[in-house]
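Each residue of the sequence shown is one higher than the last, beginning at 282 in the working numbering.
We put the beta carbon where it would ideally sit given N, CA and C, even for glycine.
Just below is one structure, and these are the notes that go with it.
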Amino acid sequence: MNYQQLPQSGKTGDVSSKDGTKSWFYSDIVKDHFFHPRNFMHEDGDTSIYNAIGKVGSPACGDELRVWMKVDPKTECILDFRWQTFGCGSAIASTSMCSVMVTENDGMTLEEARAMKPQDIMERLGGLPARKFHCSVLCDKALRDAINDFYRRIGKPEKIIKEASRMIDPISKVTDHDIEEAVLEGAQTLETVQAKTKVGIGNPGVLPAVEELIRFYREKYFG
Ligand code: FES
């Protein structure tokens, strides 16, 4: 796997469509973290000093993120947090900001880190284009995976929180995670989620549960 090359400074972070009618604007904070990523794990970094590893892939775009955490076993504070990603500029900026947030002021406890939401990272970044929101969720999920890994390594399985997927529509084979990804990609209504997933087509009995999930994920990610 070739991980993301660090960006070259001097390039603009804004993107415009070819006809110039639509632009994605990135805040100065996003650009700063994209051009100068904090806590990046370089190829020759010593990964043996970390006691928790997290890894996550995005079903939305196929990109991947790995994180390494050093946790104080006594206080459960995050002393160091490093990362590598094969992802876009928004993933780089979000993960860079996440790494700052979990380690600043002597480090968050694992409980505080679990309470952090993707919106908190977005706020510190000054926002992201809506279509790039799923990129900021990547670091949140990798962080949670690393926290579980820490508890696994120290023999506390009761502290592991697993997000198992639930089959919502056995006919179209759509799970709650598929609906979550659709919402993160910008589908906010039953019609647009159905267009992406085919959920409930041929199985209308599941639609109330689908609508409930759409409301849940909209509230979770977009407030
Ligand atoms: S992480 Fe894949 S598009 Fe942003």
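Cβ-heavy atom distance, residue i to the ligand FES, below 7 angstroms
i: LYS413; result: yes
i: GLY368; result: yes
i: ALA372; result: yes
i: VAL342; result: Contrary to the premise, residue 342 reads as Cys rather than Val in this sequence. Yes.
i: LEU419; result: yes
i: CYS416; result: yes
i: SER380; result: no
i: SER339; result: yes
Contact set for residue i: own chain, Cβ-Cβ below 8 angstroms, skip 5 residues either direction
i: VAL352; result: ASN332, ALA333, CYS358, ILE359, LEU360, LEU391, PHE431
i: ARG434; result: ASN332, ALA333
i: LYS477; result: ALA463, GLU466, ALA468
i: ASP264; result: Beyond the ends of the chain as shown, which are 282 and 504, falls residue 264; an answer cannot be given.
i: THR356; result: THR390
i: ILE441; result: ASN429, TYR432, ARG433
Within 8 angstroms, strictly: CB atoms of residue i and residue j
i: ASN429; j: PHE362; result: no
i: GLU461; j: TYR498; result: yes
i: PRO318; j: ILE402; result: no
i: LEU406; j: VAL487; result: no
i: VAL491; j: SER453; result: no
i: PHE306; j: GLY370; result: no
i: LEU346; j: VAL383; result: no
i: TRP364; j: MET397; result: no
i: GLY408; j: SER329; result: no
i: PRO438; j: TYR502; result: no
Sequence-distant residues of the same chain with beta carbon closer than 6 angstroms to residue i, five excluded per side
i: LYS422; result: VAL337
i: GLY388; result: CYS358, ILE359, LEU360
i: CYS379; result: ILE402, CYS420
i: ASP313; result: none
i: PRO410; result: TRP305
i: THR470; result: none
i: GLU493; result: none
Own chain, CB closer than 7 angstroms to residue i, minus 5 neighbours either side, in chain order
i: SER446; result: THR456, ASP457, HIS458
i: SER339; result: HIS415, LEU419
i: PHE427; result: The amino acid at residue 427 is misidentified as Phe; the sequence shows Ala. Excluding positions up to five away in sequence, the list reads ALA333, ILE334, GLY335, VAL348, MET350.
i: GLN475; result: GLY481, ILE482
i: GLY504; result: GLN400
i: ASP450; result: VAL480, GLY481, ASN484, VAL487
i: PRO354; result: ILE435
i: ARG412; result: GLY467
i: ALA394; result: ILE359, VAL383, LEU424, ILE428
Query raised in the report: Which runs of the beta strand (DSSP E) fall wholly inside the stretch 319–397 and span at least 3 residues, in chain order?
Result: 333–338, 345–352, 359–367
Requested in this report: Could you tell me which uninterrupted beta strand (DSSP E) segments, each at least 3 residues in length, are contained entirely in the stretch 398–481, listed from first to last along the chain?
Outcome: 448–450
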